[in-house]
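Worksheet for the structure shown next.
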Amino acid sequence: MSLTDSTPTATTTAGNPTIQVPEPPVRGRVAHGGFVHGILTNKKALFGLAILVVFALLALLAPLLAPGNPSDFGPEASLAPSGNHLLGTTSKGQDVLALTLWGSRSSLTVGFTVGIAATFIGCLVGIASAYFGKAIDEVLSLLTNIFLLIPGLPLLVVLAAFLPPGPATVVIVLVITGWAGSARVLRSQALSLRSKDFVAAAVVTGEKAWRIMFREILPNMASIVMSTLLGCVIYGIGAQAGLEFLGLGDTGSVSWGTNLYWANNDGALMTGDWWVLLPSGVAIAVVAFALAMINYAVDEITNPRLRVEKKG
Amino acid sequence: MVFLLRRLGFYVIAFWACITLNFFLPRLMPGDPVSRMFSQVQSQMRPDQVDALRRLFGLDDRPLWEQYIAYIGKIFRGDMGISLSRFPSPVSEVIGSQIGWTLLLGGTSLIIAVILGNFLGVLAAWRRGKFLDSVFPPLLIFVGSFPYFWLAMAALYLFGITLGWLPLSHAFSTGLSPSFSLKYIGDVAAHLILPALTIVLVSIGGWMLGMRNTMIATTAEDYITMARAKGLRPARIMFQYAARNAMLPSVTSFGMSLGFVVGGALLTETVFAYPGIGYQLLTSVQALDYPLTQGIFLTITAAVLAANFLVDIIYVRLDPRVRVS
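For the record, the sequence lines run as chains A and B. Letter by letter, the first sequence follows residues 1 to 312 of this note's numbering. Letter by letter, the second sequence follows residues 313 to 637 of this note's numbering.
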């Protein structure tokens, strides 16, 4: 969350000089190639990507690394980390490592689903708002600003209280509360592209509105869409964990949030079982940090002023 | 003036949207949350109270638009129904008795985070690439990556349980009654440290980074070069010239971040069983006390909207460009 509220100021000023070349194939390749090259030579981005790949692999391989149902109760309760249970066991005898591995599946899936869906809606609303302007812009901007202003977590709690519990509810609720920020950032960027000559040319040649929006404008703001997506994924993972921790998510599933919910419910703090609480929280933080690092790198690549000048 | 009126109009519309959402949520939801709520409390209520509640949640036969108008009328008279979990107190009374704690916790941590974060941001931008600039931003992003509630639990475990320095939960010790004595105020302050610390830790990184980035853009402006050429003291240039202008985006995000702080306070209050309205919101959801849930949601929204309007007024004073256009 801390980074998402700082990105708008950083990204709205970003302008990539290579993105104004009018011919589509050349434009796509130049902008894309420069960006990928920038990512692959940036230490922060590589660091973040490496962490993400490791977590994705662990999530994929969870059934192999920790076979069986991770929430089954076992005979060995509240054991500190040891050779048999690398991360210890809970007060119900579940293996903490298995819970964390399996939890990454739900957390990453929900986080990325929410991130992609929220960014998609944000793109739709933001670009439509900038492209059509006038009354449509007024209405869509009003809607965006209302959703931005309503405090997210209380709204989350109220929605979750009334909707029937389940994994779909969690995703829907998180998307409802999460799309507005991206819509606002993407609108302001699309607005500056709207006045460019190549958009005017496309309008004159009679291209369809959706084609101009998604084939002309969207590819030219790829880097901002990217950093918005990263912000939304961070939001998704964090907010899911928060919702699950409050017991308002899907308490039957295994995710980092539910792990912490059960740990707190079973009084892991009071009994001193710190090892039950540590892994899931650290996992959330490390993934969010990795995403933030990539985001930071995207900012640096697209906004040269933020780059630290080389010494000497 | 036109600007402020426009903003005021926007806040009114936003508040109306929230009331509408509140009105339609229990009426359009699949399943029947309201009957579930009734089944557990019906025995202890008078028939007319049950009737009033049924109306509040749309379990009557009037047409929808008539219910809607009646609902809005009730909200503006401050009548949000009767709390079920704290029967027979009205919702407004329950909220009134607890909102002070949230204001204390949220206000204290927000002010500390904003002042400290912005100050660090100014320093980091001023000394680009030096220690503060290279170590703090990544470190604070990392700390900010931890979920609010997890940091709260970690702080609770470390300082409360293991070291035993600070109290574990609630806003003041049991047995102490609220008074203006030194003992009571000290006790409240001791209970405030841990929850406030966690909110500050998580939110300070965003402030620092935002300020740093705008400061970097500002220091590239001509008038800063001019100030340097005039031979002004660096501290004067940094705070009186650069930081004053770089503050503007921070003022805007101050309003925005109020929502985050309320959310953060909700999670933190839950961990520390701090008796604010965030904690009460969660308890009301668990107790299926829908009138209280909705009342708290409306109150929080109204507070955030009002605070944002205040920020707008301040912004007009700070930035003359808004007044002209």
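Even glycine gets a Cβ: it sits at the ideal position worked out from N, Cα and C. Since this is a predicted model, take the numbers as computed values, not measurements.
- Within the same chain, and ignoring the five residues on either side of arginine 524(B) in sequence, the residues whose Cβ sits closer than 6 angstroms to its Cβ are Gly433, Ala436, Ala437.
- When rounded, the separation of the alpha-carbon atoms in serine 596(B) and phenylalanine 609(B) is 11 angstroms.
- With fewer than three CB-CB distances shorter than 8 angstroms, the segment 474 to 491 of chain B does not count as touching the segment 382 to 394 of chain B.
- Cα atoms of phenylalanine 471(B) and alanine 268(A): separation of roughly 16 angstroms, rounded to the nearest angstrom.
- If you draw a straight line from the Cα of tyrosine 496(B) to the Cα of leucine 579(B), it is about 25 angstroms long.
- For the pair aspartate 273(A) and glycine 88(A), the CB atoms are nearer than the 9 angstroms cut-off.
- In the structure shown, aspartate 391(B) adopts coil according to DSSP, grouped into three states.
- Serine 195(A) has a beta carbon lying at 9 angstroms or more from every beta carbon in chain B.
- Within chain A, Leu246 have C-beta atoms less than 7 angstroms from the C-beta of threonine 582(B), given in sequence order.
- The DSSP-derived three-state label of proline 67(A) is coil.
- For methionine 313(B), no alpha helix (DSSP H) run applies, since DSSP gives it neither H nor E.
- Using a Cβ-Cβ cut-off of 9 angstroms, threonine 613(B) counts as an interface residue toward chain A, since at least one Cβ of chain A sits closer than that to its own.
- The beta carbon of proline 400(B) lies closer than 7 angstroms to those of Ile394 in the same chain, with the five residues before and after it left out.
- Annotation for arginine 556(B): the continuous alpha helix (DSSP H) segment containing it runs 556 to 584.
- For the segment 38 to 53 of chain A, the set of residues with a beta-carbon nearer than 9 angstroms to any beta-carbon of chain B comprises Lys44, in chain order.
- Non-local beta-carbon contacts of alanine 239(A) in its own chain, meaning distances under 8 angstroms to residues more than five positions away in sequence, involve Val114, Gly152, Leu153, Leu156, Leu174, Thr177, Gly178 in chain order.
- The segment 46 to 57 of chain A makes no contact with the segment 88 to 103 of chain A: fewer than 3 CB pairs, one atom from each, lie closer than 8 angstroms.
- Shown here, threonine 89(A) sits in a strand according to DSSP, grouped into three states.
- Exclusion of the five residues before and after isoleucine 39(A) leaves Ala45 as the residues of its chain whose Cβ lies within less than 6 angstroms of its Cβ.
- Of the residues Ser223(A), Val254(A), Phe132(A), the one whose Cα lies closest to the Cα of lysine 208(A) is Phe132(A).
- Remark: three or more beta-carbon pairs, one from each stretch, lie closer than 8 angstroms, so the segment 284 to 294 of chain A and the segment 446 to 458 of chain B are flagged as touching.
- At a cut-off of 9 angstroms between beta carbons, alanine 466(B) contacts chain A.
- For alanine 190(A), the uninterrupted alpha helix (DSSP H) run begins and ends at 167 to 194, by DSSP.
- In the three-state reduction of the DSSP assignment, aspartate 95(A) falls in the strand class, which pools E and B.
- Sequence-ordered contacts of the segment 270 to 286 of chain A with chain B read Met270, Gly272, Trp274, Leu277, Leu278, Ser280, Gly281, Val282, Ile284, Ala285, Val286 [C-beta pairs closer than 9 angstroms].
- Annotation: the continuous alpha helix (DSSP H) that includes glutamate 405(B) extends over 403 to 438.
- Interface annotation, phenylalanine 162(A): in contact with chain B, CB-CB separation under 9 angstroms.
- Classified as exposed, aspartate 363(B) has fewer than 16 neighbouring CB atoms from the shown chains inside 10 Å of its CB.
- Under the three-state reduction of DSSP, histidine 37(A) is assigned to helix.
- Between the segment 585 to 600 of chain B and the segment 535 to 543 of chain B, the count of Cβ pairs shorter than 8 angstroms is below three; the stretches do not touch.
- The residue from Gly252(A), Trp256(A), Arg215(A), Ile224(A) with its alpha-carbon nearest to that of asparagine 303(A) is Ile224(A).
- Put simply, of Val447(B), Leu506(B), Gln410(B) the residue whose alpha carbon is nearest the alpha carbon of glycine 476(B) is Leu506(B).
- In the DSSP annotation of this structure, the continuous segment of the alpha helix (DSSP H) that includes methionine 465(B) starts and ends at 460 to 467.
- The Cβ-Cβ distance between leucine 630(B) and methionine 550(B) does not fall below 9 angstroms.
- Contact annotation, threonine 228(A) with valine 185(A): C-beta distance approximately 6 angstroms; criterion of less than 8 angstroms satisfied.
- For isoleucine 212(A), the three-state secondary structure derived from DSSP is helix.
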